[in-house]
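Order-wise, the sequence lines are chains A and B.
Just so we're aligned: the first sequence equals residues 110 to 430 in the numbering used here.
Just so we're aligned: the second sequence equals residues 13 to 336 in the numbering used here.
All C-beta atoms, glycine included, are put in the ideal place defined by N, C-alpha and C.
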Amino acid sequence: MEKETLLNLYRKMLMVRFIEKTHERLLMEGKIQLMSHFGTGQEAVAIGVTGPLRKEDILFGTHRGVGEYIGKGMSAADIWHEYMGKRTGLSKGKGTLHLTDKNLNIPFVVSSLGSDFSISVGAALASKMKKTDQVTMDFFGEGTCNQADFHPAINMAAVWKLPIVFAVCTNHFCEMSYYTEYYPTEDVAIRAKGYAVPFEIVDGNDIEAAYDATERAVNHARSGKGPYLVEYKTFRMSLHFSGDPGGYVKQEDFDYWAQRDPIDLCQKKLFERKILSPEEDKKLRAEVQAEVDAAVESALKGPDPTPEDFISDIYEQTGVL
Amino acid sequence: MGRTISYLQALNEAMAEEMRRDPAVFILGEDVRMGAFGQTSGLVNEFGAERLVNTPIAENAITGVAMGAAMFGLRPVLELMFCDFAMLAMDELCNQLGQWRYVSGGQYSIPVTIRTATGGGFRMGYGHSQCLESQIFQAPGLILVEPSTPYDAKGLLKSAIRSNDPVLFFEHKKLILGGVMGEVPEEEYTIPFGEAVIRKEGKDATVAALGFMVYEALTAAAELAKEGIDIEVIDLRTIVPLDKNTIFKSVEKTGRLVTVEEGRIRGGIGAELAALAVSEYFDLLDAPVQRVAAPMVPIGGSAVLEDMYMPNKNSVIAAVKKTL
């Protein structure tokens with residue numbers, strides 16, 4: 110991988126981790142109320158899934174953390190203004206966790222997991238009918254993959270040969286249970302077989318492996334060969350959501366995966382390949398944290414939504430019907 | 013230039029004209045190339061299979077597909093064959109479709125039209141015969157339309173397809189299969205949402221009816237006229253937005269309100285109209301509001317049971333008399 114590319118992916122992973130850790134701290138300090146579902150330990154998946162996407166490609170992401178949104182091009186400021194419910198947010202504070210950025214082709218983050226399987230297929234159908242060369246990336250977790258709509262969605266994508274990639278992040282947990290409790294198989298990806306969709310399984314903690322697999326999948330979809338599915342294996346080091354009491358994660362699993370932290374692994378590569386020195390790394394981290402802190406500060410000062418905002422955007426014309 | 017065409021043909025013409033006018037319009041649904049009841053029949057010959065997309069049987073998922081396509085530049089017209097089956101799509105209809113514009117801060121609009129067949133009378137049993145408009149009535153961000161004549165069907169469907177808001181379009185099976193005919197001009201026209209029509213003027217009581225029930229109300233009006241009772245019949249045409257003003261003006265004149273729908277009574281459209289009357293112009297009412305609607309009973313397969321279930325002209329006559 111090109112030096113610049115790897116360094117850029119590393120910076121993005123740091124941004125994701127720092128935004129989420131800052132969020133956690135602000136919650137604990139009582140400065141914000143917005144609960145969240147953090148994705149600590151799976152940053153390489155989110156950044157690897159979005160790294161090879163073009164700006165015009167469409168991303169349907171997950172509720173877990175901010176990884177894929179940073180990966181697709183949102184800034185810390187974009188996220189914080191919206192997270193804090195300010196009218197300066199991307200969705201004027203109406204979405205908060207449901208990040209949307211039409212300019213980046215990020216349509217929405219759903220609440221009811223899996224509602225977007227078919228919506229992403231519709232987006233890919235539109236690209237095909239309009240003969241654009243956009244790819245739709247539908248990124249979700251193995252927990253969501255138990256929703257019924259996964260099946261008709263991937264089925265239609267396969268039947269209609271749509272330019273879409275299904276990216277499954279297998280982080281070992283479906284909310285507060287090990288995924289093995291809900292899966293008869295170790296791998297999720299083999300479900301693609303039933304729909305004649307090519308698939309691969311990749312180490313989700315290795316940013317290069319994750320990125321390369323995504324690139325193969327995206328190229329396949331863009332070339333008109335139809336959908337592709339990638340399963341990224343990782344481990345969620347944070348709990349399901351900010352109020353989760355925990356107690357269900359086996360210590361030996363946690364210890365094993367702590368040794369395989371995706372940011373540490375990437376840092377090691379950068380040091381070994383002399384792309385980054387420890388001093389430069391320190392400087393980079395301070396710079397990223399400063400960007401996050403500045404975004405938080407500016408968002409805290411942002412204006413609140415107005416009564417006019419309350420009744421606009423329900424229909425095309427302002428007002429309640 | 014007037015000519016007489018069927019309700020079915022009116023729907024078909026509206027879709028054909030809009031597909032000719034705008035290449036972004038396409039149709040999808042189960043067997044739409046053939047057309048389950050005939051609404052979309054023949055369109056494939058002119059527009060090709062690419063713009064008439066047959067889908068698998070997966071109502072929630074195909075509703076999501078329509079939504080996604082609408083967000084990325086197309087104008088899908090989705091057919092959910094029976095409104096009973098639309099209940100399989102409640103997540104997309106009620107959680108997503110009408111809310112993403114708002115929650116995205118207006119970044120996305122979702123120009124989807126969803127057509128679905130309602131109503132009983134064909135002995136199709138419990139799961140192919142219901143009127144379930146009120147199940148969707150509570151979801152925000154949607155437009156709900158239910159025309160009763162070929163003229164309205166064509167004009168309102170064209171407006172629905174051109175609308176940048178998601179529209180649910182209810183077609184009663186007695187109107188599409190029953191060969192209801194009506195005058196429809198050759199010239200292009202559309203009908204705005206939120207305008208009810210007075211089908212018959214009268215002074216003794218206001219009867220606000222929805223969809224096919226407009227005909228039952230008009231039959232009731234003719235029979236009541238023989239007894240010297242002169243009712244006003246309003247055809248609501250759109251449920252959201254609701255033409256509150258036309259109903260208000262009528263009640264101002266008559267002092268009495270009867271609501272008529274084929275859906276079930278609890279939490280129905282009539283309940284909303286009654287609540288509006290009581291909270292907004294109680295002082296105009298000379299009698300309690302009466303609701304004509306189906307009972308809280310499943311629809312039996314037997315013709316005898318279905319007939320017991322179905323509101324009709326007799327229920328309208330009885331309700332009107334209660335207000336006098």
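For P162(B), the enclosing alpha helix (DSSP H) stretches over residues P162 to R174. In the three-state reduction of the DSSP assignment, E42(B) falls in the coil class, being assigned neither a helical nor a strand state. Judged by pairs of C-beta atoms under 8 Å, the segment 335 to 345 of chain A does not touch the segment 119 to 127 of chain A, as fewer than three such pairs exist.
With a cutoff of 8 Å on beta-carbon distance, P123(B) and S175(B) are scored as near each other.
E295(A) and T253(A) have their C-alpha atoms some 16 Å from each other.
Per the Cβ contact rule, the segment 190 to 204 of chain B is not in contact with the segment 292 to 309 of chain B (fewer than 3 Cβ pairs under 8 Å). Within chain A, the residues whose beta carbon sits less than 7 Å from that of M79(B) are I228 and G231, listed in sequence order. Annotation: the continuous alpha helix (DSSP H) that includes Q398(A) extends over P387 to L409.
Counting only residues of its own chain and dropping the five nearest sequence neighbours on each side, A73(B) has no CB closer than 7 Å to any other CB. Under the three-state reduction of DSSP output, R278(B) falls in the coil class, being neither helix nor strand.
Residue contact with chain A for A220(B): absent (no Cβ-Cβ distance below 8 Å to any residue of chain A).
Out of R63(B), Q21(B) and Q51(B), the CA that lies nearest to the CA of M31(B) is found in R63(B). Rounded to the nearest angstrom, the gap between the Cα atoms of S314(B) and L187(B) is 22 Å. In the displayed model, L20(B) falls within a helix according to three-state DSSP. Put simply, the CB of P307(B) is far from chain A, with every gap to its CB atoms at 8 Å or more. Neighbourhood of S116(B) in chain A, by CB distance below 7 Å: S200, G204, T209 and F217, in chain order. Separation of R382(A) and L374(A) (C-alpha to C-alpha, rounded to the nearest whole angstrom) is 12 Å. The C-beta of G41(B) comes no closer than 8 Å to any C-beta of chain A. Contact annotation: G182(A) and G148(A) have beta-carbon atoms that are not nearer than 8 Å. Within the DSSP secondary-structure output, H184(B) pairs in a beta bridge with T130(B). If you check each beta-carbon in the segment 132 to 151 of chain B against every beta-carbon of chain A, none falls closer than 7 Å.
Taking each of G153(B), P178(B), Q21(B) and T250(B) in turn and checking the Cα distance to P162(B), the smallest one comes out for Q21(B).
Straight-line measurement puts the Cα of T52(B) at about 30 Å from the Cα of Q243(A). In this structure, the CA atom of Y114(B) is about 11 Å from the CA atom of T427(A). From the listed residues F49(B), K265(B) and K256(B), the smallest Cα separation to F94(B) is found for F49(B). If you look at E340(A), you'll find it in the beta strand (DSSP E) that goes Y337 to K342. Of all alpha-carbon atoms in I423(A), F419(A) and Y424(A), the one lying nearest the alpha-carbon of G202(A) is that of F419(A).
Here DSSP, grouped into helix, strand and coil, assigns L123(A) to helix.
Sequence-ordered contacts of the segment 98 to 127 of chain B with chain A read D103, E104, N107, Q108, W112, R113, Y114, V115, S116, G117, G118, Q119, Y120 and S121 [C-beta pairs closer than 7 Å]. In this chain, the alpha helix (DSSP H) harbouring V56(B) covers L55 to F59.
Within the segment 245 to 332 of chain A, the complete alpha helix (DSSP H) segments at least 4 residues long are 259 to 268 and 316 to 331, listed from N- to C-terminus. DSSP places D295(B) within a helical segment (H, G or I) once states are collapsed to three.
Distances from the CA of T128(B) to each of G137(B), F149(B), E158(B) and R135(B) were compared; the closest alpha carbon is that of E158(B).
According to the DSSP assignment, G176(A) belongs to the alpha helix (DSSP H) that extends over G176 to K181. Under the three-state reduction of DSSP, K212(B) is assigned to strand. Residues of chain B whose Cβ lies closer than 9 Å to the Cβ of N264(A) are, in chain order, P68, A70 and A73.
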